[in-house]
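J.:
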Amino acid sequence: QAFCGIASLVMVLNASGIPQPVAIPYAPYGFFTQSNFFNTDISKLFTATQVDKSGLTLAQLKAIAATFPLEITAVHASNENDGFALFRTTAMKVLESGTQFIIVNFYRPSISEVGAGHFSPLAAYDEKTDRFLLMDVARYKYPPVWVKAEALWKAMNTVDLASKEHRGYLIISSAINKKQENLT
């Protein structure tokens with residue numbers, strides 16, 4: 154139940170265009186799973202047992218993502234410099250790009266869900282209702298849901314007790330997707 158960061162990154166990796174490992178039960182097809190995720194580089198940072206025991210912080214998930222050929226920007230939520238407006242604008246651009254991804258780190262109770270800190274990717278934005286489509290990776294517990302932008306921001310603008318920093322979001326892109334984007 155503490156693999157939400159890994160599950161979110163697995164979703165992004167599978168959509169990023171980077172080379173995928175062969176998934177044993179589905180050989181010869183390659184894709185990332187939570188089972189084949191912990192390669193040698195990642196295991197030097199965190200083992201599956203460590204993640205299972207305590208989850209990850211935003212900075213830790215960024216460090217894991219950096220072991221792949223990705224460009225990652227971590228943004229901690231803050232009310233300074235109109236953080237909410239920046240988040241909304243940035244997230245909209247990322248979602249419109251088709252070549253970038255955004256994973257949000259938020260506090261579940263702030264959006265009326267049970268639990269604590271959580272990671273999930275965003276999939277879409279609806280301007281009319283000012284809501285983001287949150288693709289919850291804990292599908293056994295919550296389906297994808299449209300969340301008001303301001304409510305999601307407030308859920309990110311909370312302190313993670315493990316890191317003592319505000320939660321936030323990761324913007325992720327791959328060099329492969331950027332090359333494809335430049336060709337079109």
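Taking this note's numbering, the leading residue of the sequence shown gets 154, the next gets one more, and so forth. Just so you know, even glycine gets a beta-carbon here, dropped at the ideal spot from N, CA and C.
For the beta strand (DSSP E) containing Asp-279, name the first residue and the last one.
T.: Looking at the DSSP string, the run of the beta strand (DSSP E) that includes Asp-279 is 270-279.
J.: Looking only at DSSP bridge pairs, what is Ser-161 linked to?
T.: Paired residues: none, contrary to the question.
J.: For the segment 314-325 against the segment 204-216, do three or more pairs of beta-carbon atoms, one drawn from each stretch, fall closer than 8 Å, so that the two count as touching?
T.: Touching, yes, given that three or more Cβ pairs across the two stretches are closer than 8 Å.
J.: Sorted by chain position, which residues of the same chain lie with C-beta nearer than 6 Å to Glu-224's C-beta, five sequence neighbours on each side aside?
T.: The residues are Ser-326.
J.: Mapping the DSSP letters down to three states, classify Leu-248 as helix, strand or coil.
T.: Of the three classes helix, strand and coil, the one that applies to Leu-248 here is helix, per DSSP.
J.: Quickly, what does DSSP pair Arg-320 with across the bridge? List them, please.
T.: DSSP, once it has assigned bridges, lists no residue as partnering Arg-320.
J.: Using the Cβ count rule (16 or more neighbours within 10 Å means buried), how would you classify Asp-313?
T.: Buried is the call here.
J.: What is the rounded straight-line gap between the Cα of Thr-200 and the Cα of Lys-281?
T.: Computed Cα separation, rounded: 43 Å.
J.: Closest to Phe-259 by C-alpha separation, out of Val-300, Phe-190, Ser-250 and Glu-249, would be which residue?
T.: For Phe-259, the nearest C-alpha among the options comes from Val-300.
J.: Would Phe-285 and Ala-302 be called neighbours here (beta carbons separated by less than 8 Å)?
T.: A contact, by the Cβ cut-off of 8 Å.
J.: Look up Asp-313 in the DSSP assignment and say whether it is helix, strand or coil.
T.: Here Asp-313 sits in strand by DSSP.
J.: Starting from Ile-217, trace the alpha helix (DSSP H) both ways and give me its first and last residue.
T.: That run of the alpha helix (DSSP H) goes 211-218.
J.: Leaving aside the five residues before and after Tyr-278 along the sequence, list all residues of the same chain whose C-beta is less than 7 Å from its C-beta, in chain order.
T.: Same-chain partners within the cutoff: Ala-244, Met-245, Leu-248 and Phe-285.
J.: Which residues in the same chain as Ser-263 place their Cβ atom closer than 8 Å to its Cβ, once the five residues preceding and following it in sequence are excluded?
T.: Cβ neighbours of Ser-263 beyond the five flanking positions: Ala-304, Lys-307, Ala-308 and Thr-311.
J.: In whole angstroms, what separates the C-alpha of Leu-336 from that of Ser-265?
T.: Confidence at Leu-336 is low in this model, with a pLDDT of 48, below 50, so its placement is unreliable and the value that follows should be read with caution. If I take the Cα positions, the gap works out to 43 Å.
J.: Out of Ile-255, Tyr-322, Ile-171 and Ile-217, which one is the CA nearest neighbour of Gly-270?
T.: Ranking Ile-255, Tyr-322, Ile-171 and Ile-217 by Cα distance to Gly-270 puts Tyr-322 first.
J.: Shortest alpha-carbon distance to Ala-218 belongs to which of Ala-238, Gln-203, Met-164 and Arg-261?
T.: Nearest C-alpha to Ala-218: Met-164.
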